[in-house]
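Heads up: the structure comes next, in structure tokens.
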Amino acid sequence: MTSASTEAPIRVRIAPSPTGDPHVGTAYIGLLNYIYARQRAGKFVLRIEDTDRARFVATSEEMIFDSLRWLGLNWDEGPDVGGPFGPYRQSERTEIYREHADILLQTGKAYRCFCTPEELEVVRKQQMASKLPPRYPGTCRRLSSEQIEQNLATGKVHTIRLAVPPHGADLSSATTFRDELRGAITFEHNNVDDQVLLKSDGYPTYHLANVVDDHLMEITDVIRAEEWISSTPKHVLLYKAFGWQIPRFWHMPLLRNLDKSKISKRKNPVSLIYYRDSGYLPEAIINFLGLLGGGMPADINNGTEQFTLSEIIQHFVFTDIRVGGPVFDLTKLKWLNGEYLRKLSPEQFFLAVRNRVFSDDYLRQISSLMQTRIEILSQFGDLTSFFFSDNVIPAPDVFLPKKRSLDETLAFAQDQLVALEASEWTHDALESGLKKLGEEKSWSVKENFMLLRAIVTGSTTSPPLLESMIVFGKARTLDRVRRFLEAQKKLTTQKK
RNA sequence: GGCGUUAUGGUGUAACUGGUUAACACGUCGCCCUCUCAAGGCGAAGAGUCCGGGUUCGAGCCCCGGUAACGCUACCA
């Protein structure tokens, strides 16, 4: 088994995709990479993997930068700070991937595939129906060079696929790689699909881009989440196809919901923006993340389980990481956050409240909503308490429209949530999205907005809903709607 | 379904790498403090280490076989 030579200077990376709010999982893997680099005088690289143009969110990249910096995980090289291996945004490197795909084509390690997504979908359904593993049938792998020329000449769009050796499922061969936490892991090649490497839109898939970049950026240790284990043989095959040195692989446990499923926004707040805006301290989050998965000796600071980022760097032992997926337990995070809050001096605490809860910017936006709605300044709090309190879950007599049943109302609220999740956070986008939903489901604008108002503000009287939601922020608004639905679900199951 | 990974109280982790009665933290419950709520102090309940075999004087740690959960199974990452 090949692994990176020990003399090579350590270089690690995180490679988030700008597809939405920055994720706690990114912070967790980011932290691990960061401390790995800092422990070994290595470099920590931030690379933006924006090759999925369908899921691309323009504001996402900036949020990733902001929230990682907020946590104190500063990178040595990246799109914004530059570095000797740039560019660090994959959308700016498409030429590189194309060249490398060509190399694979020339050496017969990859081939052009002219199958359409529709054709593939049909095959996949057939395979599933007959209980076969869904796998690319290899149609285009058998194309003659004349057929390929012909397809190319007619301008047929195509992808480029990895030619997994050996050809045919009857021959048995396998790829084995070493996971630094688990030891050797082997995949038979007939369980490895001919993965698409270059999409028909000219962008690479993760697999190609990741391997090419990791090599070109001289990454020595790939520290990423466990969900990548299954695709690692494809990556190893690529390294071998190019004749490159294979890095060390460390697959980290996956953060879980309370029910042990992979952490998801349905069941847990996962947006770092949410944690920041709700008033979690970065120190608490780092501390909490450092607690998960083992790695920290139990006796640090008399076993208080409280430690700083630099203490983590000092004491964390990678080979002690437990690979069972830890539950992201908000209860313990809150306790830790409380501990950090109490450690602040009174002045620091006051400043934290002022900057996070009552910042000038926040207050200014709220004020602008209130000027025409109050007659005495002391009334300011009456209509705005929901901006500062999380204790706003309304009772049915508040949120239930007169002519609607509880079930249909909750179903509609669920639809609202989905619409809000997908919406850009602007007045126009929100308004048209919600109105469109209302038309589809035959909910009047009044019922529609009143329900959402009740959920978000806890009351049927409030400043204008959309403006309020914009000021309150997407992450916190969504969390509020989710928690409302969660609370209602609990109530109804209790009754039954 | 196939492949892969994992498995210690409700949750996060310990257990000198086989050695007393499985430890700590969060949470829960009780008591103290107190005008309330927190914080703080004291205490309690809660696992016999997924299950079944085996090796051994001795197994949470080693071996075999199950089971369950999770992940992957996309022209998403």
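In terms of my numbering, the first sequence has 639 at position 111, counting the first letter as 1, and numbering is strictly consecutive.
Note that the Cβ used here is the ideal one computed from N, Cα and C, for glycine as well.
What you are looking at is a predicted structure, and each value in this text was computed from that prediction instead of being measured.
In the DSSP assignment, what are the bridge partners of residue i?
i, result
"GLY606", "GLY610"
"ALA769", "According to DSSP, ALA769 bridges with nothing at all."
"ALA753", "MET780"
"ALA702", "GLU716"
"VAL999", "Answer is none; VAL999 lacks a bridge partner."
"LYS790", "ARG784"
"CYS641", "THR687"
"HIS551", "SER799"
"ASP707", "GLY711 and PHE777"
"PRO732", "LEU726"
"GLY822", "ILE849"
"VAL740", "Its beta-bridge partners do not exist; DSSP assigns none."
"VAL540", "PHE572"
Classify residue i: buried if its beta carbon has 16 or more other beta carbons within 10 angstroms, exposed otherwise.
i, result
"VAL740", "buried"
"ASN561", "buried"
"GLU904", "Here the sequence assigns Ile to residue 904, which means Glu is not the residue at that position. With fewer than 16 Cβ atoms within 10 Å of its Cβ, ILE904 is classed as exposed."
"ALA1015", "exposed"
"ALA697", "Unreliable positioning characterises ALA697 in this predicted model, as indicated by a pLDDT of 44, which lies under 50. The coordinate reading is nonetheless provided below. Exposed is the call here."
"HIS762", "Note on identity: in this sequence residue 762 is Lys, with His being the wrong assignment. LYS762 is buried by the Cβ-count criterion."
"LEU660", "exposed"
"SER990", "buried"
"GLY636", "exposed"
"SER996", "buried"
"VAL1009", "buried"
"GLN618", "buried"
"GLN944", "buried"
"THR937", "buried"
"HIS955", "exposed"
"PRO992", "exposed"
"GLY711", "exposed"
"PHE914", "buried"
"GLU535", "exposed"
"PRO546", "buried"
"GLU590", "exposed"
"ASP918", "exposed"
"SER658", "exposed"
"GLU497", "Residue coverage of the chain in this structure runs from 529 to 1024, which leaves residue 497 outside it and unanswerable."
Does the distance from the C-beta atom of residue i to that of residue j stay below 8 Å?
i, j, result
"PHE715", "VAL750", "no"
"VAL984", "LEU783", "no"
"ASP722", "LEU766", "no"
"VAL585", "GLY558", "no"
"ARG621", "ILE688", "no"
"PRO550", "ILE791", "no"
"ASN785", "ALA543", "no"
"LEU934", "PRO924", "yes"
"PHE844", "ALA941", "no"
"GLY961", "SER970", "no"
"GLU967", "ARG932", "no"
"HIS735", "SER759", "yes"
"ARG804", "TRP603", "no"
"LEU994", "LEU958", "yes"
"PHE878", "TYR564", "no"
"ARG855", "LYS788", "In the sequence on display, residue 855 carries Val and not Arg. In this structure, LYS788 lies closer than 8 Å to VAL855 by Cβ."
"HIS779", "ILE814", "no"
"VAL685", "PRO781", "no"
"VAL999", "ILE828", "no"
"PRO732", "HIS717", "no"
Next item on the list: Taking 8 Å as the threshold, find out whether the region 1002-1011 comes into contact with the region 779-799 through three or more Cβ pairs.
Entry: yes
Margin query: Measuring CB atoms only, is the region 746-762 touching the region 538-555, in the sense that at least three cross pairs come out at less than 8 Å?
Written below: yes
Margin query: Does the structure place the region 569-578 close enough to the region 856-875 that three or more beta carbon pairs sit under 8 Å?
Written below: no
Margin query: Under 8 Å: do the region 889-902 and the region 816-827 share three or more Cβ pairs, one atom per stretch?
Written below: no
Check: Can you give, in chain order, each stretch of the beta strand (DSSP E) that sits fully within the region 556-591 and has at least 3 residues?
Finding: 571-574
Next item on the list: For the region 807-818 and the region 833-844, state whether three or more C-beta atom pairs, one from each stretch, are separated by less than 8 Å.
Entry: yes
Notebook entry, point to check: Can we say the region 614-627 touches the region 725-737, given the rule of at least three CB pairs closer than 8 Å?
Noted result: yes
Notebook entry, point to check: Do three or more CB pairs link the region 611-621 to the region 640-654 at distances below 8 Å?
Noted result: no
Notebook entry, point to check: At what residue ranges does the region 845-888 contain a whole run of the alpha helix (DSSP H), taking only runs of 4 or more?
Noted result: 858-871 and 874-880
Checklist line | Every unbroken alpha helix (DSSP H) inside the region 941-1010 [4 residues or more] | finding: 955-969, 973-985 and 993-1000
Next item on the list: Taking only runs that begin and end inside the region 612-636, name each unbroken alpha helix (DSSP H) of 4 or more residues, in chain order.
Entry: 622-634
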